[in-house]
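Chemist: Numbering (our numbering), first residue to last: 145 to 870.
Using N, Cα and C, we set each Cβ at its ideal position, and we do this for glycine too.
My structure is below; once you've seen it, I'll send some questions.
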Ligand code: GLA
């Protein structure tokens, strides 16, 4: 049993294989957090301390007890109005205009399996893989009910949190802030690791001590964003990849979010993650229910590598769905960097011919095949095939490509619209714009109002009409700007638009996945602008970045690896000089870097030499050999590219019988010291044979001192080493 309720002291204990989470409904009915960390037994309510603290208010029912204050006690559901002045998880504007709530414990329920959330993505698990705890909280005055949901997946060391808020009162209320997870720590020095970036340079790693005050990251862009990822790691200040305590919080949501880390007046730490409260004021009429998207949490007492692996396994096996979830994904040739908007059916066919010759599985026709779309100024929204440009019907093009033995995939951006499009001319009110105000343009496009069902219905129908024209086996779902002008003609409550937009997006994606269960959906938002756990529920891989430069990708993929499995990272070999940086890197290096993810090409093979084409053939064979290991194995970061001269990583099978180690030189200097790559996770005492060097090595020495990387003349050399246990 992973969830235990102790009747006497009203303590809830959640156990996973290696972790324990504990909380208590105390004598006043507040739900206090007791413990989250390494697995343990017993009741930890001795951790609660009480003292008369000046300017820390006391709930009325504490009577004369001035030592009882919510400003100091660790909680599961901190809210406005209890005398807690730290960051709240939930804020409600009541019917009478007040902002106070006081949620108290009313009861609970423990059930087998993992809860789901209507209309929202969530981790799933069967009855014997998970348990769910629902804790019912109520505000006695307003009758608002909050059901806190805890999903416990013991084998994966995963605990999920979500909440259902019901207006059981009689008047209209507004939800002003709703965060799914709150972690309160009574002591300890922590660092907050967050992932910031920009278009073409996503998920850089920032590690900062949690200091007095609040450090907050988030997005108010309506998408999870390139700028901050909805994933946080809280690590002990001395925690490393291999040792020490750390916690992960990952938001299963693709819209605006907020993460906060605060050190309070008594050096206690609070971390919150959930919906952004900017542009958020969600109306709930009597009996309305609101679902807070879930946060996936994990704890590791043995460093960051294990923490990442916990998330990887959970997302790969209990969040991704569909036919491609467990498969090695097809190797793609994407037309974007090969020809941008400049193509015809015949030139796409020629790319497919190269694909067939090189052993590439699938040709993806990117942006430019629909409407009047020869640049990004027009056509977006007009989802009918431009047969004039293609010179043939889509069906005939797909047939010709399939007859080469090559699969066919296609690009869409259903959320976007150009003002110069038939759709916008017919339905200008379908775009998010504020009346009497000029909208903010971005990439010369506007955003369609996905909070409205009629908009989605229309687009879904148009998309199906295209998808039904032939054997389409892959869709790239793109989204090329941030939301602005969040005003919908479908409602009077504009504070609901961003959330409803995301619900609309999920509804669309769910319909798509249901109607086309065999289509592989790849998420994309100008590369990695919506790389989040929410999208993984619908699209098991995401184009990781519009930056395909192998050197930059090392950093982007390093940051991404903290929270997401490498099978979710779409990574392609592109031409040199690279189109985003102008950098020239060796072909082998580009292949090695792209093989850290779901692999493909982003170039015109017609422009390559015979020698390079031969390299592609070999690269693909190589990739296919190692892909099952990369897909299912454990991932280790072997260096920190932000600090080291090399970038190195490892995939190792769970039984440690085989490992693929990749390393890339980031720098080259005269008379350079040797870099050693230390392996991880090998079986102590065992011997390993390495294919390239044809040598056998002792596991302990490989893990202790490592293996020297030969110093080679020239920039950016890459090395791949494949070890098998002998
Ligand atoms: C975005 C994507 C690219 C490409 C273009 C097409 O930037 O990330 O891969 O599809 O759009 O316009």
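(1) With distances taken Cα to Cα, identify the nearest neighbour of residue 673 among 535, 271 and 713.
(2) Please classify residue 737: does DSSP put it in a helix, a strand, or coil?
(3) Would you check whether ligand 1 has a heavy atom nearer than 8 angstroms to the C-beta of residue 505?
(4) Can you tell me whether DSSP reads residue 383 as helix, strand or coil?
(5) Alpha carbon to alpha carbon, how far is residue 446 from residue 736? Give it in angstroms, no decimals.
(6) At a threshold of 8 angstroms, does residue 369 count as lining ligand 1 (C-beta to nearest heavy atom)?
(7) Can you pull every residue whose C-beta falls closer than 6 angstroms to some heavy atom of ligand 1, listed in chain order?
(8) Count the other C-beta atoms from every protein chain shown that fall within 10 angstroms of the C-beta of residue 549, then say buried if there are 16 or more, exposed otherwise.
(9) List the endpoints of the continuous alpha helix (DSSP H) containing residue 599.
(10) For residue 581, does the three-state DSSP call read helix, strand or coil?
(11) Report yes if the CB atom of residue 764 is closer than 9 angstroms to the CB atom of residue 475, and no otherwise.
(12) Can you tell me whether residue 273 is helix, strand or coil according to DSSP?
(13) DSSP on residue 527, reduced to helix/strand/coil?
(14) So, under 8 angstroms CB-CB, residue 862 and residue 803 are touching, yes? Tell me the CB distance rounded to an integer number of Å.
(15) Following the continuous alpha helix (DSSP H) through residue 398, name the residue where it begins and the one where it ends.
(16) Using only the alpha-carbon positions, how far apart do residue 456 and residue 707 sit?
(17) Only counting runs of 3 or more residues, tell me where the beta strand (DSSP E) segments fall wholly within the stretch 388-475, in order along the chain.
(18) So what's residue 687 in DSSP terms, helix, strand or just coil?
(19) Would you please state the rounded distance, in angstroms, between the beta carbons of residue 855 and residue 818? I believe it to be under 8 angstroms.
(20) Look at the alpha carbon of residue 402 and the alpha carbon of residue 671, and state the distance between them as a whole number of angstroms.
(21) Is it the case that the Cβ atoms of residue 310 and residue 432 are separated by a distance below 9 angstroms?
(22) For residue 615, count the other beta carbons within 10 Å of its own beta carbon; 16 or more makes it buried, fewer makes it exposed. Which is it?
(23) Suppose the cutoff is 8 angstroms on Cβ atoms and the five residues either side in sequence are ignored; what does the same chain contact list for residue 271 look like?
(24) Considering only their Cβ atoms, is the gap separating residue 646 from residue 678 smaller than 9 angstroms?
(25) Does the stretch 376-396 come close enough to the stretch 627-640 that 3 or more CB-CB pairs lie under 8 angstroms?
(26) Scan the stretch 493-580 and note each continuous beta strand (DSSP E) run of 3 residues or more that stays entirely inside, going in chain order.
(27) According to DSSP, is residue 322 helix, strand or coil?
(28) Once DSSP output is grouped into helix, strand and coil, what is the label at residue 344?
(29) Which residues does DSSP list as the beta-bridge partners of residue 223?
(30) May I ask which residues mark the beginning and end of the alpha helix (DSSP H) holding residue 305?
(31) So does the stretch 685-694 actually touch the stretch 714-731, counting three or more Cβ pairs closer than 8 angstroms?
(32) Got a sec? Which residues, its chain only, sit under 7 angstroms from residue 207 by beta carbon, not counting five neighbours each side?
(33) For residue 613 versus residue 423, is the C-beta spacing smaller than 9 angstroms?
(34) Per DSSP, which residues does residue 718 bridge with? Please list them.
Modeler: Taking the structure as given:
(1) It is 713 whose Cα lies nearest to the Cα of residue 673.
(2) Residue 737: helix per DSSP, three-state reduction.
(3) Residue 505 Cβ: outside cutoff for every heavy atom of ligand 1.
(4) Three-state result, residue 383: coil.
(5) Distance between the alpha carbons of residue 736 and residue 446 is about 29 angstroms.
(6) It does not: the Cβ of residue 369 is nowhere closer than 8 angstroms to a heavy atom of ligand 1.
(7) Listed by position in the chain, the residues whose beta carbon lies within less than 6 angstroms of some heavy atom of ligand 1 are 480, 510, 511, 555, 622, 624, 668, 670, 671, 687 and 690.
(8) Here residue 549 is exposed. Its C-beta has fewer than 16 other C-beta atoms within 10 Å.
(9) Per DSSP, residue 599 belongs to the alpha helix (DSSP H) from 597-611.
(10) Looking at residue 581 - three-state DSSP - the assignment turns out to be coil, as it is neither helix nor strand.
(11) Taking 9 angstroms as the cut-off, the Cβ atoms of residue 764 and residue 475 count as close.
(12) Three-state DSSP puts residue 273 in coil, outside helix and strand.
(13) For residue 527, the three-state secondary structure derived from DSSP is coil.
(14) Under the criterion of beta carbons closer than 8 angstroms, residue 862 and residue 803 do not qualify as touching, at roughly 17 angstroms.
(15) Taken as a continuous stretch (DSSP letters only), residue 398 belongs to no alpha helix (DSSP H), as it is neither H nor E.
(16) Roughly 7 angstroms between the two C-alpha positions.
(17) Within the stretch 388-475, the complete beta strand (DSSP E) runs of at least 3 residues are 390-395, 401-407, 413-419, 426-428 and 433-444.
(18) Reduced to three states, the DSSP call for residue 687 is strand.
(19) Right, their Cβ atoms sit about 6 angstroms apart.
(20) Rounded to the nearest angstrom, the two C-alpha atoms are 22 angstroms apart.
(21) Yes, Cβ-Cβ distance for residue 310 and residue 432 is below 9 angstroms.
(22) Exposed.
(23) Listed in chain order, the non-local C-beta contacts of residue 271 below 8 angstroms within the same chain comprise 256 and 257, local neighbours out to five positions each way being set aside.
(24) Against a cut-off of 9 angstroms, the Cβ pair of residue 646 and residue 678 comes out as a contact.
(25) Contact annotation: the stretch 627-640 does not touch the stretch 376-396, with fewer than three C-beta pairs closer than 8 angstroms.
(26) DSSP runs (the beta strand (DSSP E)) wholly in the stretch 493-580: 506-509 and 551-556.
(27) Strand at residue 322.
(28) Looking at residue 344 - three-state DSSP - the assignment turns out to be coil, as it is neither helix nor strand.
(29) DSSP, once it has assigned bridges, lists 234 as partnering residue 223.
(30) For residue 305, there is no enclosing alpha helix (DSSP H); the residue is found in the beta strand (DSSP E) stretching over 302-311.
(31) In short, these stretches touch, since the Cβ pair count reaches three.
(32) Cβ neighbours of residue 207 beyond the five flanking positions: none.
(33) Not a contact, by the Cβ cut-off of 9 angstroms.
(34) Its beta-bridge partners are 746.
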